[in-house]
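Trainee:
Numbering (UniProt numbering), first residue to last: 1 to 267.
Put into structure tokens, the structure is as follows:
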């Protein structure tokens, strides 16, 4: 889920920070510039991990800032394909389900990746799944089912999903017109001299696309609401425990019978 991505960038330090150790002021500026920002084709930047190299600062005429050419590594959120994650349902509509991880809200489960048979209940504003459809007619149209048969995926419920794919959208230039690049991580590409967009981890209402989004699936064994499978896991654990206990009792009875037969032979 979290990877390290190597970045090369020119970092500026304000004169008010000259009293601090250079690495401290440079680290602060890197976090200010990158933390909670989306780097196109790299992922969601979380924080600075370490600094690999740093040049001596140079002052440009007219502004008094110190400019350092820095190579550093960032902790980046970019899960790999088929990775299993858990989050909470944020909202639902006819097209699918939106999931939040707390720090990242753009995980989408399209309708065709919800377990079948399923349907969207417009009154409840939530999707539901039928574990077993009573008739073929209900399987074809789950909205014909009874309310008590439906297993709803309500807002706020904890859900387990797999990552199917991710996508970046570089709609407009990001803040800080420097060139950033990244290597390593889950398919991150780039390097010194390659331009990449840097965007905030939020998109306004006017924007139709998030700068980084994940397509997920809950159509599989063990996926979907965590509460669906909790009872099965407990039951499975108890069955295993009772099974071991039963085997132990059987072995003890067999041993007692063997000892009894040996004592009879001696007499």
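Ideal Cβ placement from N, Cα and C applies to all residues, glycine included.
(1) Find out if the Cβ-Cβ distance for the pair residue 129, residue 115 is shorter than 8 Å.
(2) Taking the alpha-carbon positions, what's the residue 58 to residue 13 distance?
(3) If you run the structure through DSSP and keep just helix, strand and coil, what is residue 130?
(4) Please report the distance separating the alpha-carbon of residue 28 from that of residue 16.
(5) Thinking C-alpha only, which one of 97, 103, 25, 139 is nearest residue 224?
(6) Using 8 Å as the threshold, is the region 88-108 in touch with the region 61-76, meaning 3 or more CB pairs across them?
(7) So, residue 90 versus residue 155, is the Cβ gap smaller than 8 Å?
(8) Just curious, the beta strand (DSSP E) that residue 34 is in, first and last residue?
(9) In terms of DSSP beta bridges, what is residue 135 paired with?
(10) On the three-pair Cβ rule with 8 Å, is the region 2-12 touching the region 74-91?
(11) At the level of alpha carbons, what is the spacing between residue 198 and residue 38?
Mentor: Taking the coordinates as given:
(1) For the purposes of this step, residue 129 is taken as residue 129 along the chain shown, with counting starting at 1. For the purposes of this step, residue 115 is taken as residue 115 along the chain shown, with counting starting at 1. Result yes, Cβ atoms of residue 129 and residue 115 sit closer than 8 Å.
(2) Stepping through the chain shown from its first residue, residue 58 is reached at position 58. Stepping through the chain shown from its first residue, residue 13 is reached at position 13. Separation of residue 58 and residue 13 (C-alpha to C-alpha, rounded to the nearest whole angstrom) is 10 Å.
(3) In the chain shown, counting from the first residue as 1, residue 130 sits at position 130. Correct three-state label for residue 130: strand.
(4) In the chain shown, the residue the question calls residue 28 occupies position 28. In the chain shown, the residue the question calls residue 16 occupies position 16. Per the coordinates, the alpha-carbon of residue 28 lies some 13 Å from the alpha-carbon of residue 16.
(5) On the chain shown, position 224 is the one that residue 224 refers to. The candidate whose alpha carbon is nearest that of residue 224 is 97.
(6) No: the two stretches stay apart, fewer than three of their Cβ pairs being nearer than 8 Å.
(7) On the chain shown, position 90 is the one that residue 90 refers to. On the chain shown, position 155 is the one that residue 155 refers to. Yes; because the gap between Cβ atoms is below 8 Å, this pair is in contact.
(8) Counted from its first residue, the chain shown places residue 34 at position 34. Where residue 34 is concerned, there is no enclosing beta strand (DSSP E), although the alpha helix (DSSP H) it sits in stretches over 22-34.
(9) Counting from 1 along the chain shown, the entry for residue 135 is found at position 135. According to DSSP, which records beta bridges pairwise, residue 135 is partnered with nothing at all.
(10) Contact holds: three or more Cβ-Cβ distances are below 8 Å.
(11) Residue 198 sits at position 198 when you count from the first residue of the chain shown. Residue 38 sits at position 38 when you count from the first residue of the chain shown. One C-alpha to the other measures close to 5 Å.
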